[in-house]
Amino acid sequence: MNNKFFDLPVEKQQRIVNAAYKVFSNSSYKKAPMSEIADEGGISKALLFHYFINKKELYMYLWENAIEMTRKAIIEYKTLETSDFMDIC
């Protein structure tokens with residue numbers, strides 16, 4: 234992954250990430266084209282490949298990002314401190 238991705242404004246990073254999540258959620262990994270992710274994210278396909286060398290790298294970034302978001306939510310909402318779902322609400 235090109236670290237220049239992190240030099241982008243957070244809003245643009247999030248737009249690209251959300252586009253990738255959307256395209257991958259609507260298609261299988263093999264059928265999710267990078268061109269569709271780029272279009273959805275409002276960038277060129279070449280620029281998407283500048284930030285992520287290939288589709289697998291982007292997919293693995295999304296995977297790690299989802300794990301990190303889950304970890305933060307577990308800490309913030311203290312979901313491991315109770316077994317009663319209603320205590321979390």
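Numbering (this note's numbering), first residue to last: 234 to 322.
The C-beta atom is built at its ideal place from N, Cα and C for all residues, glycine as well.
The Cβ-Cβ distance between Phe-257 and Tyr-310 does not fall below 8 Å. With respect to the C-alpha of Phe-282, the residue from Ser-261, Asp-317, Ala-253, Ser-316 having the closest C-alpha is Ala-253. Per DSSP, Ser-268 is one residue of the alpha helix (DSSP H) stretching across 267-274. The distance from the Cβ of Tyr-284 to that of Asn-235 is about 5 Å, consistent with a contact at the 8 Å cut-off. With a beta-carbon spacing of about 15 Å, Ile-286 and Ile-249 fall beyond the 8 Å limit used to define contacts. For Tyr-292, the uninterrupted alpha helix (DSSP H) segment begins and ends at 288-310. The C-alpha of Ala-271 lies about 12 Å from the C-alpha of Lys-245.
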